[in-house]
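Please read the structure below before turning to the comments.
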Amino acid sequence: MEPHELTLAQALELLAKKEVSSVELTQALLARMEATEPSVNAYLTTTPELALEQAQAADQARAKGEAGPLCGVPAGLKDVLCTQGVRTTCGSKILENFVPPFDAFLVARLKQAGMVLLGKHNMDEFAMGSSTENSGFGPSHNPWDLDAIPGGSSGGTAASVAAGTSLFSVGTDTGGSIRQPASHCGVVGMKPTYGRVSRFGLVAFASSLDQAGPITRTVADAAAVLQVIAGHDPADSTSAPQPVPDYSAALGRGVKGLKLGVPAEFFVEGLDQEVEQSVKAAMAVLEQQGAELVPISLPHTDYALAAYYIIAPAEASSNLARYDGVKYGMSVRREEAGLLDMYLDSRSQGFGDEVIRRIMLGTYALSAGYYDAYYGKAGQVRTLIRRDFDQAFEQVDAIVGPVTPSPAFGLGQKVDDPLQMYLSDVFTLSTNLAGLPGMSVPCGFSAKGLPIGLQIIAPHFAEETILAVGAAYQEATDHHHKRPPL
Ligand code: GLN
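Heads up: the sequence shown begins at 417 in my numbering, then just goes up one per residue.
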């Protein structure tokens, strides 16, 4: 097997047995990047020298018996995560030259665990989008079909893991941005419970929804990465104080006796037939393994999209006020222009169209006289959506369904139709509104060879249930062994 085809677990095993060194593995992945990046464009910044230094240090640490849980494994990270000394753009021209003076909490954890940083992954600007076409630096391409989108906003991250230019990674999910690109790229993407992973150092989009989580080739690898990044952080007041369980212990639990809810609202008109078939076949596999499929209803699902597109832009409009051309980021200063001109010039030249659209929507929804009608109402709808899930989880242990309405669409196909683009996330948004954990697991391919994902959703802090279901599914199937023809 080529180094770029390895799972995280396989790489760690080879490193532990000294069959490969971290330097060798890193060199192999850097060579893979040279071969695939011209066509995939998963990276915005590469750090080959830093990676080789870190790889050497990892090899030395391992020789001394001081190997952390990810010691010597090379990977890139979504460019929404602050990395000390390494440019962090968030996919935006406004942060084109921003070099953070600190690491995000989870980046510090990954470094402590011994990861080797290859660079930063492309994404939709400020994580707003479903295709990476909103990146300020050109889109990423789907490794399974270079004319298709990889999904978004963590599209570069999912594409990199699929292409083998990262042996694992971390993305973020505000309305589906881990699970949707994972499903389109045939990899595993897990959004943990809101608060499970600290948001410190994660460039904010919508603070009540944002959550970071693993993107990997297997469910077992997702458990290993989550183990490293989960946990309480006093620097993030919304990070959860709950103890972190041993996630790997959940992998072998199986699904016998588990009740899996199948929401009627997730199998509706507009769901692509190939997606429906693959997802139903996956559910049948879980049933054969001893799970019981239970029809359920999440009656307010229809309102999730509308509520999300009030709440997320409202929070974004507030969070993005900090890019004013004064403190950091792009600053456009014309001679003889005043302070207001500097704000206006910096923001209108620095932000792309979608970001500006969201700031306008959000500012409108929060403005005096409209606040109650829009933001207030959306908050009430959010409560109803959360109650739907609470009621469902009185009957079932987890919920299964599709991740996206269709396999990856073509680059350019929806870029001029924001509403169509927003609809990519109809099945993922509601879990963010409710703060629940969810995962996408590869469950098949379309006739054109594009990957399809199965979504698994569980109650708050029941990541272990998701891991158990996902691992049982991967035990019985081999979709996750397939690699794109790159
Ligand atoms: N596609 C959704 C949006 O554009 C979700 C993005 C995300 O999860 N970051 O807002």
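Don't be surprised by glycine CBs; every beta carbon is placed ideally from N, CA and C. Keep in mind that this is a model prediction, so the values were computed, not measured.
Pick from the options that is closest to residue i, judged by C-alpha positions
{"i": "SER747", "options": "SER764, VAL619, VAL701, THR844", "result": "SER764"}
{"i": "GLY686", "options": "SER846, GLN796, PRO818, ALA520", "result": "PRO818"}
{"i": "ARG669", "options": "TYR610, PRO821, ALA640, ALA707", "result": "ALA707"}
{"i": "ASP649", "options": "ALA720, TYR791, GLY617", "result": "GLY617"}
{"i": "LEU446", "options": "ALA458, PRO464, PRO834", "result": "PRO464"}
{"i": "ALA620", "options": "SER551, PHE805, PHE542", "result": "PHE542"}
{"i": "SER624", "options": "GLU703, GLY602, ASP652, LEU642", "result": "ASP652"}
{"i": "PHE805", "options": "VAL771, MET417, PRO679", "result": "PRO679"}
{"i": "PRO901", "options": "SER599, GLU880, GLY865, THR499", "result": "GLY865"}
{"i": "SER733", "options": "ALA622, PRO608, VAL586, ASP637", "result": "ALA622"}
{"i": "ALA903", "options": "ALA529, SER783, ALA728, ARG774", "result": "What the structure shows of the chain is the stretch from 417 to 902, and residue 903 is not part of that stretch, so it cannot be assessed."}
{"i": "LEU486", "options": "ILE631, PHE584, TYR780, TYR724", "result": "PHE584"}
{"i": "GLU469", "options": "LYS527, TYR744, LYS434, THR504", "result": "LYS527"}
{"i": "VAL489", "options": "SER551, GLN426, THR462", "result": "GLN426"}
{"i": "SER664", "options": "GLU879, HIS895, GLU418", "result": "GLU879"}
{"i": "GLN890", "options": "ASP740, ARG773, VAL671, GLY677", "result": "VAL671"}
{"i": "ARG750", "options": "LEU424, GLU692, SER762, PRO729", "result": "SER762"}
{"i": "ALA863", "options": "SER846, LYS743, GLN693, TYR780", "result": "GLN693"}
{"i": "ARG633", "options": "PRO875, THR717, MET855, ALA789", "result": "MET855"}
{"i": "MET449", "options": "ARG503, SER582, ALA479, VAL523", "result": "SER582"}
{"i": "VAL644", "options": "LEU511, VAL635, PRO630", "result": "PRO630"}
{"i": "MET837", "options": "PHE682, TYR725, GLY484", "result": "TYR725"}
{"i": "PHE877", "options": "LEU736, ALA789, THR609", "result": "THR609"}
{"i": "GLU770", "options": "ARG503, VAL742, ALA598, LEU835", "result": "LEU835"}
{"i": "ALA458", "options": "PRO858, PRO657, SER576", "result": "SER576"}
{"i": "GLU512", "options": "VAL532, SER551, GLU482, ALA524", "result": "SER551"}
Residue i beta carbon near the ligand GLN (any heavy atom closer than 6 Å)
{"i": "ALA543", "result": "yes"}
{"i": "GLY869", "result": "no"}
{"i": "GLY591", "result": "yes"}
{"i": "SER546", "result": "yes"}
{"i": "SER734", "result": "no"}
{"i": "ASP841", "result": "yes"}
{"i": "SER582", "result": "no"}
{"i": "SER508", "result": "no"}
{"i": "SER747", "result": "no"}
{"i": "SER438", "result": "no"}
{"i": "SER569", "result": "yes"}
Status (buried if at least 16 other CB within 10 Å, exposed otherwise) for residue i
{"i": "SER455", "result": "exposed"}
{"i": "GLY591", "result": "buried"}
{"i": "ASP475", "result": "buried"}
{"i": "HIS420", "result": "buried"}
{"i": "SER570", "result": "buried"}
{"i": "HIS897", "result": "exposed"}
{"i": "ARG612", "result": "buried"}
{"i": "ASN558", "result": "buried"}
{"i": "LEU756", "result": "exposed"}
{"i": "ALA814", "result": "buried"}
{"i": "HIS703", "result": "Note that residue 703 corresponds to Glu in the displayed sequence, not to His. Exposed, because fewer than 16 other Cβ atoms sit within 10 Å of the Cβ of GLU703."}
{"i": "ALA639", "result": "buried"}
{"i": "PRO729", "result": "buried"}
{"i": "VAL496", "result": "buried"}
{"i": "LEU714", "result": "buried"}
{"i": "ARG738", "result": "exposed"}
{"i": "TYR787", "result": "exposed"}
{"i": "GLY567", "result": "buried"}
{"i": "SER846", "result": "buried"}
{"i": "LYS607", "result": "buried"}
{"i": "PRO711", "result": "exposed"}
{"i": "VAL742", "result": "exposed"}
Residue i beta carbon near the ligand GDP (any heavy atom closer than 6 Å)
{"i": "SER556", "result": "No copy of the ligand GDP occurs in the structure displayed; its ligands are the ligand GLN alone."}
Below-7 Å beta-carbon distance, residue i vs any chain B residue
{"i": "VAL797", "result": "Looking for chain B here will not work: only one protein chain is present."}
Touch test, the region 795-810 against the region 530-541, Cβ-Cβ under 8 Å, three pairs minimum: no
Spell out a yes or no on whether the region 546-553 and the region 819-837 are touching, meaning 3 or more CB-CB pairs, one atom from each, closer than 8 Å. yes
Assess contact between the region 807-824 and the region 835-849, defined as three or more Cβ pairs (one per stretch) separated by less than 8 Å. Is contact present? yes
Contiguous beta strand (DSSP E) assignments of at least 3 residues, all confined to the region 608-648: 627-632
Quick check: the region 431-447 against the region 509-520, are at least 3 beta-carbon pairs closer than 8 Å? no
Residue ranges of each alpha helix (DSSP H) within the region 821-848, 4 or longer: 834-838
Which whole runs of the alpha helix (DSSP H) in the region 778-816 are 4 residues long or more, in chain order? 793-811
Note down, one range per segment and in chain order, each alpha helix (DSSP H) of at least 4 residues found wholly within the region 523-611. 571-579, 595-601
Fully enclosed by the region 655-737, which beta strand (DSSP E) runs are 3 residues long or longer? 675-679, 708-712
Kindly provide the ranges of any beta strand (DSSP E) runs that are 3 or more residues long and lie completely inside the region 437-475, ordered along the chain. 459-462
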